[in-house]
Ligand SMILES: Cc1cc2nc3c(=O)[nH]c(=O)nc-3n(C[C@H](O)[C@H](O)[C@H](O)COP(=O)(O)OP(=O)(O)OC[C@H]3O[C@@H](n4cnc5c(N)ncnc54)[C@H](O)[C@@H]3O)c2cc1C
Ligand SMILES: Cc1cc2nc3c(=O)[nH]c(=O)nc-3n(C[C@H](O)[C@H](O)[C@H](O)COP(=O)(O)O)c2cc1C
Ligand code: FES
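Protein chains in written order, with the working numbering: chain A, 122 to 379; chain B, 98 to 396.
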């Protein structure tokens, strides 16, 4: 499909470097699915849905900076929804998110509550000033918060919050955030991999499963169409948590960017 | 089941269906997967001398009849690619390294720096400055590059041709003259798409290459003309998505068929096409060899 043109209806300031944009129509996405957002004249980049008509963008480089220069009434090109979404199963869900990775989880939690599931959230941020969507998560159920600098909640990485919870008590665990965080959680939840769904990130270019940019070792899973939501038992034996490929296809070591 | 095995351009293939260059060919794992899922051989992403990130997005745009892409030859350089080829071998089928360069010595340096079952020279990418079709449009360049790589490597050398010329047969003859073991036709047709709402060209690079169903009739014509004129095998590529398309290529004269854009529907395309071809051969009581180029003998 060609990119559709979508007008920005609302811009919400979440933190100094994170904004949520409301677009002019609902794409009917599943939580976990993404769109390819074309900032005309700049680049096209993957963005998760944080609601049926919402995306939540962290400013990190040229394309996201260009998104921050857009205002209500401006338009962007949109392809989507794309990829696999989270699947809701069981009666109790534990959402574990870090940084801007909490965005699709807030959307997921709202869907889970709507079908009567119990929702508990473990959320990690660098500092309280960088926390996003705390109010959305608090409306869903219990929230355990961690901050790297100790400005609120438990001081430490997201996984430090696991001591407050018993992961094995939940029917399903949903992960999204920095790869080192997700990897850390998966390792600490050994034996539960088949009950963990992780929304992962790889360098996405074509988003239709032909170019090979997003494929992960050792099975060659195409993250753009067979992901980004992948069950953790398919992630433990290869590159996930160890390295990732950049735009040229060459591998880089996973940086600790939490 | 009837055998689809055969010798093509210096390689023994269990079936004549290959993964085309630049399609799921960046990692050894995705190449091996194509082998495990039924391809007879796999061709890698084109690799060059130095790492390239490729063009800014959008890098592809799907139009009703196909796909326009301007990936921009992203690759980690040949120095970082041998490990992917070695992993790709685990798929159990021959691995063909697609290489590009800006002149004969660059092509030779890249090819001789890699160990692969065969090499495919990308003299045909329509959207990368100084590379691909920019040099591959001239028969003299095609011949010179082919000869240089043939001297530099021991493995078979295939030459992938651009259709964006008035006479593709001239390019094919030049490749043959330079010592090529096969030609591959066709790469994408230079194309463009514009966003009607904003007036922006959609692709980050503005221009790209058209592939998929839209180009099949052009590819069929090129394969027909090339196979009539050349003594070396012609490998057909362009718009093949089902067994009838593959059959049409072979009837036009193709010794093997590559599949690209159709992979967006999944890897099972290889098994589906192989099964369809086998049934067709049984129904027609024909061998692959008898089928090849039949359209030329009918006209
Ligand atoms: C499925 C998926 C969902 C995402 N959802 C969100 C989201 O909801 N909110 C959000 O803020 N960010 C999200 N991202 C990350 C976002 O796509 C990148 O931050 C963005 O592409 C950066 O572009 P840039 O030009 O601003 O920065 P650059 O300086 O170009 O890149 C900064 C970093 O972003 C990553 N990146 C750049 N381009 C791509 C690409 N085409 N594909 C994947 N990663 C890339 C790379 O790791 C790079 O190191 C998501 C990524 C994926 C794969
Ligand atoms: C996304 C994409 C990337 C491609 N990359 C390359 C490449 O690196 N080298 C090359 O020789 N051809 C490349 N091609 C061209 C294909 O190998 C093939 O010649 C063309 O797409 C026609 O076949 P198809 O219609 O089956 O896709 C690419 C095509 C696509 C769609
Ligand atoms: S981004 Fe091209 S195959 Fe996934």
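Ideal Cβ positions, reconstructed from N, Cα and C, are used throughout, including at glycine.
- Residue pairing by DSSP places residue 149 (chain B) opposite B:172 in a beta bridge.
- Not a single C-beta of chain B is nearer than 7 Å to the C-beta of residue 168 (chain A).
- DSSP places residue 347 (chain B) inside the alpha helix (DSSP H), whose first and last residues are 340 to 349.
- If you look at residue 391 (chain B), you'll find it in the alpha helix (DSSP H) that goes 391 to 395.
- One thing to note: residue 319 (chain A) has its Cβ no nearer than 7 Å to the Cβ of residue 339 (chain A).
- Considering only beta carbons, the part of the stretch 349 to 364 of chain B lying closer than 8 Å to chain A consists of 357, 358, 360, 361 and 363, in chain order.
- Between the stretch 227 to 238 of chain A and the stretch 361 to 371 of chain A there are fewer than three inter-stretch CB-CB distances shorter than 8 Å, so the stretches are not counted as touching.
- Legend: CB atoms of the stretch 144 to 165 of chain B lying less than 8 Å from CB atoms of chain A belong to residues 148, 149, 150, 151, 153, 154, 155, 156, 157, 158, 159, 160 and 164.
- Closer than 7 Å to the CB of residue 134 (chain B) there is not a single CB belonging to chain A.
- At a cut-off of 7 Å between beta-carbon atoms, residue 221 (chain B) makes no contact with chain A.
- In this structure, residue 318 (chain A) has its beta carbon at no less than 6 Å from each heavy atom of ligand 1.
- Neighbours of residue 301 (chain B) across chain A, judged by C-beta separation under 8 Å: 164 and 165.
- When secondary structure is reduced to three states using DSSP, residue 247 (chain A) falls in the coil class, being assigned neither helix nor strand.
- Nearest C-alpha to residue 357 (chain B) among B:204, B:184, B:285 and B:269: B:285.
- Of all residues in the stretch 103 to 123 of chain B, only 119, 120, 121, 122 and 123 come within less than 8 Å of chain A when Cβ atoms are compared, listed by chain position.
- Taking every residue with its beta carbon within less than 5 Å of a heavy atom belonging to ligand 1 gives, in chain order, A:155, A:166, A:167, A:168, A:169, A:178, A:179, A:181, A:182, A:183, A:184, A:185, A:221, A:224, A:322, A:324, A:325 and A:349.
- Residue 167 (chain A): member of the beta strand (DSSP E) spanning 164 to 172, first to last residue.
- Beta bridge pairing from DSSP links residue 159 (chain A) with A:165 and A:198.
- Inclusion of residue 128 (chain A) and residue 196 (chain A) in the CB contact set at 7 Å is warranted, their separation being smaller than that value.
- Beyond the five residues adjoining it in sequence on each side, residue 210 (chain B) comes within less than 6 Å, by CB distance, of 175 in the same chain, given in chain order.
- The Cβ atoms of residue 283 (chain A) and residue 266 (chain A) do not sit closer than 7 Å to each other.
- Around residue 171 (chain B), the same chain offers 149, 150 and 151 as residues with beta carbons nearer than 7 Å, after the five sequence neighbours per side are excluded.
- Contact with chain A is absent for residue 375 (chain B), since none of that chain's Cβ atoms lies less than 7 Å from the residue's Cβ.
- Set against 6 Å, the gap from the CB of residue 209 (chain B) to the closest heavy atom of ligand 3 is not smaller.
- By the rule that beta-carbons nearer than 7 Å mark a contact, residue 345 (chain A) does not touch chain B.
- Counting only runs of 4 or more residues that sit fully inside the stretch 213 to 282 of chain B, the alpha helix (DSSP H) segments are 230 to 233, 236 to 249 and 265 to 274, in chain order.
- Here DSSP, grouped into helix, strand and coil, assigns residue 115 (chain B) to strand.
- The CB of residue 127 (chain B) comes closer than 8 Å to the CB of 333, 336, 341 and 343 in chain A, given here in chain order.
- In the same chain as residue 374 (chain B), and ignoring 5 residues on each side of it, the C-beta atoms closer than 7 Å to its own belong to 101, 340, 343 and 344, in chain order.
- For residue 147 (chain B), the closest alpha carbon among the candidates B:239, B:228 and B:154 is that of B:228.
- Annotation for residue 267 (chain A): the continuous beta strand (DSSP E) segment containing it runs 264 to 268.
- Among the residues facing chain A, residue 175 (chain B) is not included, as its CB has no counterpart in that chain under 7 Å away.
- For the 7 Å CB-CB criterion, residue 215 (chain A) and residue 291 (chain A) form a contact.
- In this chain, residue 202 (chain B) is not harboured by any beta strand (DSSP E); it is covered by the alpha helix (DSSP H) spanning 201 to 209.
- By the CB criterion at 7 Å, residue 301 (chain B) and residue 137 (chain B) fall outside the cutoff.
- With the criterion set as a beta carbon lying under 9 Å from some beta carbon of chain A, the members of the stretch 271 to 294 of chain B are 290, 292, 293 and 294, in sequence order.
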